[in-house]
């Protein structure tokens, strides 16, 4: 049996999309629709939190036209200049075609440079351009402010515990 949500939330791909937190559909759901076991499920709560986090991220850094995934790529390249696309994909947990597409967009904007790898002519070493380094420095501050904002309801211990638990779920340990 399908849970009632107050409206059809199917996307063109046939997947059901959750109501955006704070939206009219979300308010209706919270006001009196029976959500069944959903509020007890880890995945449901992680997804709702993800929607809130991504909305706030978009609002805070929209002027830079950077997505959360692109920020992740810029961060990893910033900290690991010269890594190749395969290693970047492994670090991000995404496939090669995704990495190639993201790098292509960032390269087109002049933020990332692909240079021939010194030890492998078939591979490219990834570097932030000077413009990419400058933007990264600005973004890092904006993203830290965003992160503090979305976790402001938590004290420092709760925030650390949340991060440790999420790392554990992701298979990264609690370090």
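In the UniProt record's numbering, the protein residues as written are 1 to 175.
Glycine is no exception: its CB is placed at the ideal position from the N, C-alpha and C atoms.
Going by beta carbons, residue 102 and residue 73 fall inside the 9 Å limit.
With contact defined as three or more Cβ pairs closer than 8 Å, the segment 148-165 and the segment 117-127 are not in contact. Cβ-Cβ distances below 7 Å link residue 117 to 84, 123, 124 and 125 in the same chain, with the five nearest sequence neighbours on each side left out; the list follows chain order. Under the 8 Å Cβ criterion, the segment 146-159 does not count as touching the segment 107-115, having fewer than three qualifying pairs. The DSSP assignment places complete beta strand (DSSP E) segments of no fewer than 3 residues inside the UniProt domain "HTH marR-type" (39-171) at 112-117 and 120-128, in order along the chain. Assigned with DSSP and collapsed to three states, residue 32 falls in helix.
Here the C-alpha atom of residue 89 lies approximately 8 Å from the C-alpha atom of residue 98. Rounded to whole angstroms, residue 92 and residue 171 show a C-alpha spacing of 13 Å. Counting only residues of its own chain and dropping the five nearest sequence neighbours on each side, residue 76 has a CB closer than 8 Å to the CB of 83, 88, 91 and 92. For residue 59, same chain residues with a beta-carbon under 6 Å away, outside a window of 5 residues either side, do not exist.
Less than 9 Å separates the beta-carbon of residue 66 from that of residue 139. Taking C-beta atoms as the reference points, residue 71 and residue 143 count as a pair closer than 9 Å.
Within a 10 Å sphere around the beta-carbon of residue 43 sit fewer than 16 other beta-carbons, which makes this residue exposed. Residue 165 has its alpha-carbon roughly 14 Å from the corresponding atom of residue 156.
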